[in-house]
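Sequential numbering of the sequence shown, starting at 1261, is according to this note's numbering.
Taking it in order: structure first as structure tokens, then the write-up.
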Amino acid sequence: MTLGIADNREVPEHLRQQAAQLRAELARHNHAYYVQDAPSIPDADYDQLFRQLQLLEQQYPALATADSPTCRVGAQPSREFAQVRHALAMLSLANAFDDGDVVAFDKRMMDALQHEAVEYAVEPKFDGLAISLRYEHGIFVQAATRGDGSTGEDVTANIRTVRSIPLRLFGEQPPAVLEVRGEVLMFKADFDALNARQRAAEQKEFANPRNAAAGSLRQLDSRVTAQRALRFFCYGVGVLEGAPMPATHAALLDWFGELGLPVCDLRATASGADGLLAYFHRLGALRAALPYEIDGVVYKLNRLDEQQQLGFVSRAPRFAVAHKFPAQEASTVVLDIEVQVGRTGAITPVARLAPVAVGGVIVTNATLHNEDEVRRKDIRIGDAVIVRRAGDVIPEVVANIPERRPADARQFVMPAVCPVCASAIVKPEGEVVARCGGGWIKCPAQRKGGLMHFASRRAIDIEGLGEQLIEQLVDKHIVTTAADLYKLGLGSLVALERMADKSAQNIVAALEKSKQTTLARFIYALGIRHVGESTAKALALHFGNLDAVIAAASHVLDPDAPSHLEQVDDIGPVVAKSIAQYFLDPLNLEMVAQLRACGLHWPEQAGTARPPLPQAGKNFVLTGTLPNLSRDQAQAMIEAEGGKVTASVSKKTSYVVAGEDAGSKLARAQELGIPLLDEAGLLALLKNSGAA
Ligand code: IVH
């Protein structure tokens, strides 16, 4: 045996077994994590197993196999993708756009098969890229893109990095050859995270998860692909040798699931056009909440022999159809860019668009979020752009279409003053959002926004008090603050446009009803910046009553006082400061007092707050030898009262405790005028503060 040269013969059998076991175990955990979404061990334990296998394979290169999870990290870049000829062409699907198309498809199937009712396998139409995976005797050997349908590109190295794709199929007797067809995609959350990284690295962002998946899959350097959380769902089969073909599409996908391949849980079977349409509507309702994008659903004859019988027309199967959802993206032209003022004064640039149908509605405005975003996406007035409207989300401008930019496209310029109240627009250093400096006193837009928020369902919940009514009340100077709402009488309401007696009575009743609320709702309704529902709930729970919140807020801006607010879960310095600023403003305090005087009430409690320790926020420096206390004892006593012991004297030091032979620290304290304590003084301070 020659030392240092490891080949097959030299690998001790027990290590070979250990490597095989590690591989199997890692594959199992991988499947649980990426396919079943049910992690079976902590990440750290997985990493440890992985490292163990990596070390083994490094020590004995002969141990490395094509199905080892260690191959998933990416390989050396290739210069170009090799071509792969598909043994069975990868086709496309005919589309159905409305109920009529679906009924016609079902009728074609009934007629061709001479059935009364036809059974279909139904599944989402994944919005990604088609891919074919080849397994030989259960080992993943090749992946190819669809390409032109007959020839695609070899993306094996990249697909190896996709964790949900097994490198070895489960089961004792895998088929000699199995070609699995499916879709590679990127989950929405992974897409958002990727774009955040691209932004941070000043790299171009991807327009949508599909483009991101395509860009990641077509990387010549698979180490880049390895960083790009790609996923996969199977939806069909190419070549199958050495195993019987299941009888139905549903059974085929179930079998794929058993082999460890990712199949989608939303797959189902349905019967007749009614069944197909019911599935279409069910998935339409789920669409926005799914972790990945789908652009429709696919109906396929469930029986594979019937699929064969029907065969193909040109490049698409006769036995299947894709029923498309309304597109979520469309292109249009930016007519203008204006700004909108939100309830906290935030200035949002909004694109006015040539009307276009997106996601089933006509869109004429889309948000551009903020000035930086307009610059980064380089959206100009006159540009042709892609607009996106996903679910109930506000439409947004995704990207410009560079080749359609007109010569006279104009840059957006942030106005210097608020378009509503003419107060100066300010953008504090380091912040992305520009704001109207008018506040709700000067700016009607902020006033309206604030009142809308106050009355909204999750805040004080004043039924019937909508946008149009608030517009009128503010514009006619009937209402300035939320407290004014409770002074509205029937008389002032019926005098408004489009206000019938009955509606006015309903509003008065709703106002009355809204007076009984909870502390959390009340705090949330105030519209304090950074205080959303969950922070409002945490504050209410912690302090139990409003006066305790206001008292805690009044300490925040005092640098010497311990922050009571920051003891609340999830409240950090920024939120604490915002709450403090709100309650320091006498106008806000006045409005809160008026609201209470008008009868708004909620159950008040003691709260779970414990007062902060008396020496919290105080820094002590110990120097020299104390007569009775050891240094550790003194430190423990100080810390028990919330104080901190630091090593060196600075302006931030609250007290210097000096004993015998105190040296330079004492001198430095005297220089800075920091109070000095001896042991007796320290004990007295701690005793007094403890009693306080
Ligand atoms: S079946 C022979 N099922 O849609 C039919 N395709 O327009 C092969 N797609 O290129 C396709 N989800 O990339 C099928 N559940 C699904 C699908 C699906 C997405 C894509 C696929 C194909 C395109 C056809």
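Glycine included, every Cβ here is placed at the ideal spot set by N, Cα and C.
Given the structure, does residue i come close to the ligand PLP, in the sense that its CB is under 6 Å from one of the ligand's heavy atoms?
i, result
"Y1395", "Ligands present in the displayed structure are limited to the ligand IVH, and the ligand PLP is not among them."
Taking only three categories from DSSP, how would you classify residue i?
i, result
"F1466", "coil"
"T1421", "coil"
"K1736", "coil"
"A1530", "strand"
"V1634", "helix"
"D1359", "helix"
"Q1343", "strand"
"F1400", "strand"
"G1431", "coil"
"C1524", "coil"
"L1263", "Bear in mind that a pLDDT of 41 at L1263, under 50, signals an unreliable position, so the number given afterwards is only what the model happens to contain. L1263: coil per DSSP, three-state reduction."
"Q1841", "helix"
"R1406", "coil"
"Y1294", "helix"
"T1411", "strand"
"A1951", "Interpretation of A1951 is limited by its pLDDT of 41, a score under 50 that renders its predicted location unreliable; no figure is taken from the coordinates."
"V1594", "strand"
"Y1380", "strand"
"F1672", "coil"
"L1778", "Note that residue 1778 is Thr in the sequence shown, not Leu. In this structure, T1778 counts as coil in the three-state DSSP scheme."
"H1713", "helix"
"A1770", "helix"
Could you say which of the options lies nearest to residue i if we only look at CA atoms?
i, options, result
"R1283", "P1551, R1332, K1837", "R1332"
"L1537", "F1447, G1398, V1558, C1681", "V1558"
"Y1320", "D1303, P1272, R1311", "P1272"
"V1610", "R1575, A1590, V1647", "V1647"
"L1315", "A1304, Y1306, T1330", "T1330"
"G1867", "A1853, P1874, L1799, V1835", "L1799"
"A1907", "E1901, E1899, F1880, Q1930", "F1880"
"C1681", "R1665, V1693, K1911, G1698", "G1698"
"I1641", "A1853, G1556, D1668", "D1668"
"A1769", "I1783, T1913, L1753", "L1753"
"M1350", "F1386, A1356, S1392, K1385", "S1392"
"H1815", "A1836, V1401, K1797", "A1836"
"T1795", "L1286, K1464, I1831", "I1831"
"R1789", "V1693, R1717, A1811, K1773", "V1693"
"Q1841", "A1811, G1859, Q1865", "A1811"
"A1354", "K1584, N1805, R1527", "K1584"
Here's the rule I'm using: 16 or more other beta-carbon atoms within 10 Å means buried, otherwise exposed. How should residue i be labelled?
i, result
"R1758", "exposed"
"T1883", "buried"
"I1720", "buried"
"E1439", "buried"
"E1689", "exposed"
"M1505", "exposed"
"D1366", "buried"
"I1419", "buried"
"S1410", "exposed"
"F1400", "buried"
"G1749", "exposed"
Can you tell me the Cα-Cα spacing of residue i and residue j, whole angstroms?
i, j, result
"G1941", "D1892", "17 Å"
"R1928", "L1889", "23 Å"
"G1620", "A1549", "17 Å"
"G1264", "E1691", "Reliability fails at G1264, whose pLDDT of 42 lies under 50, so the model's placement of it is uncertain and no value is given."
"A1876", "E1826", "12 Å"
"A1922", "A1461", "52 Å"
"L1943", "P1935", "15 Å"
"E1443", "A1292", "20 Å"
"L1513", "A1322", "35 Å"
"G1360", "Q1569", "24 Å"
"A1918", "D1818", "28 Å"
"A1715", "I1722", "5 Å"
"A1965", "E1566", "The question about residue 1965 has no answer here: the residues shown for the chain are numbered 1261 through 1952."
"K1762", "L1873", "56 Å"
"V1623", "A1606", "23 Å"
"T1262", "N1455", "Below a pLDDT of 50, predicted positions are generally treated as unreliable, and T1262, at 38, falls in that range; no measurement from the model is reported."
"L1490", "G1787", "40 Å"
Return the bridge partner residues of residue i from the DSSP annotation.
i, result
"F1492", "V1444"
"I1554", "F1386"
"I1622", "A1617"
"H1583", "A1356, V1557"
"E1270", "According to DSSP, which records beta bridges pairwise, E1270 is partnered with nothing at all."
"P1577", "F1572"
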